[in-house]
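Novice:
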């Protein structure tokens with residue numbers, strides 16, 4: 047199963063369209079908040095996800111837990127968990143709720159990190175309008191044998207790649 051994750055595009059609809067066009071045919075396109083786009087603009091493109099801290103975000107939930115290939119994946123923007131101050135609150139949430147993968151945004155910095163068996167993914171900011179942001183997004187592929195994460199720039203060039211084997215019989219990470 048392949049998922050495209052992006053966050054913090056801040057009204058940059060053209061960048062959203064561009065990465066979807068570059069990655070046609072994926073099962074899921076997920077916004078991790080601060081899109082500042084109307085809900086119908088996202089859903090017309092096949093995108094769902096969570097809202098961020100921006101008041102112009104769509105009427106998506108603040109957090110969402112989904113099951114992909116038997117793994118529990120938690121989606122949030124991250125502002126409610128103070129991710130700019132660290133990942134401890136998200137880690138506690140993940141441990142308490144038996145989460146396998148946590149996807150978040152808000153910091154505008156991409157990250158792929160395993161902490162105590164929980165895989166944290168921040169796709170960075172898709173926006174090309176921010177002075178200090180380098181635009182990026184993530185592709186998450188979950189197979190029976192492994193989890194692969196790629197962080198890419200808007201041109202589709204790989205900035206970071208991370209692969210983690212799954213447990214026996216495709217079980218938990």
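In my numbering, the protein residues as written are 47 to 219.
No residue lacks a Cβ here, since even glycine has one placed at the ideal position from N, Cα and C.
Note that the coordinates shown come from a computational prediction; the quantities given were computed from them, not determined experimentally.
Would residue 128 be called buried (16 or more neighbouring beta carbons within 10 Å of its own) or exposed?
Specialist: Indexing the chain shown from 1 puts residue 128 at position 82. By the 10 Å Cβ count, residue 128 comes out exposed.
Novice: Which term fits residue 204, buried or exposed, when burial requires 16 or more other beta carbons within 10 angstroms of its beta carbon?
Specialist: Position 158 of the chain shown, counted from the first residue, corresponds to residue 204. Result: exposed.
Novice: Around the Cβ of residue 212, are there at least 16 other Cβ atoms within 10 angstroms (buried) or fewer (exposed)?
Specialist: Counted from its first residue, the chain shown places residue 212 at position 166. The residue is buried, with at least 16 neighbouring Cβ atoms inside 10 Å.
Novice: Beta strand (DSSP E) containing residue 187: first to last residue?
Specialist: Within the chain shown, the letter at position 141 stands for residue 187. First-last of the beta strand (DSSP E) with residue 187: 182-188.
Novice: Along the chain, where does the beta strand (DSSP E) containing residue 112 start, and where does it finish?
Specialist: As a position in the chain shown, residue 112 is number 66, starting the count at 1. Residues 109-114.
Novice: Nearest-angstrom Cα distance between residue 105 and residue 57?
Specialist: Taking the chain shown and counting its residues from 1, one reaches residue 105 at position 59. Taking the chain shown and counting its residues from 1, one reaches residue 57 at position 11. Between residue 105 and residue 57, the C-alpha separation is close to 15 Å.
Novice: For residue 109 and residue 131, I'd like the C-alpha separation in whole angstroms.
Specialist: On the chain shown, position 63 is the one that residue 109 refers to. On the chain shown, position 85 is the one that residue 131 refers to. In a straight line, the C-alpha of residue 109 is about 19 Å away from that of residue 131.
Novice: Residue 55 to residue 147, Cα distance in whole Å?
Specialist: Taking the chain shown and counting its residues from 1, the one referred to as residue 55 is at position 9. Taking the chain shown and counting its residues from 1, the one referred to as residue 147 is at position 101. Near 22 Å, if we compare the C-alpha coordinates of residue 147 and residue 55.
Novice: Rank 158, 163 and 152 by C-alpha distance to the C-alpha of residue 140 and give the top, closest one.
Specialist: Here the question's residue 140 lines up with position 94 in the chain shown. Taking only the C-alpha atoms, the option nearest residue 140 is 163.
Novice: Assign residue 159 to one of three DSSP states: helix, strand, or coil.
Specialist: As a first step, residue 159 must be located in the chain shown, where it is residue number 113. Strand, per DSSP.
Novice: Along the alpha helix (DSSP H) that carries residue 168, what are the first and last residues, could you check?
Specialist: The residue labelled residue 168 in the question sits at position 122 within the chain shown. Careful: residue 168 lies outside any alpha helix (DSSP H), inside the beta strand (DSSP E) at 164-169.
Novice: Tell me where the alpha helix (DSSP H) around residue 62 begins and ends.
Specialist: Your numbering for residue 62 matches position 16 in the chain shown. Where residue 62 is concerned, the enclosing alpha helix (DSSP H) stretches over 59-68.
Novice: Given 8 Å as the limit, is there contact between the segment 190-200 and the segment 72-84, that is, 3 or more CB pairs closer than that?
Specialist: Segments in contact, no.
Novice: Only counting the same chain, and skipping five residues up and downstream in sequence, which positions put a Cβ closer than 6 Å to that of residue 68?
Specialist: On the chain shown, residue 68 is found 22 positions in, with the first residue counted as 1. Contacts found: 202.
Novice: Considering only their Cβ atoms, is the gap separating residue 50 from residue 78 smaller than 7 Å?
Specialist: Translated into the one-based positions of the chain shown, residue 78 becomes position 32. Translated into the one-based positions of the chain shown, residue 50 becomes position 4. Contact flag unset, no.
Novice: Determine the contact status of residue 120 and residue 145, defining contact as a CB-CB distance below 7 Å.
Specialist: Counting from 1 along the chain shown, the entry for residue 120 is found at position 74. Counting from 1 along the chain shown, the entry for residue 145 is found at position 99. For residue 120 and residue 145, yes; Cβs fall inside 7 Å.
Novice: Going by DSSP, what residues sit across from residue 199 in a beta bridge?
Specialist: As a working note, residue 199 is residue 153 in the chain shown. Note: residue 199 sits in a beta bridge opposite 182.
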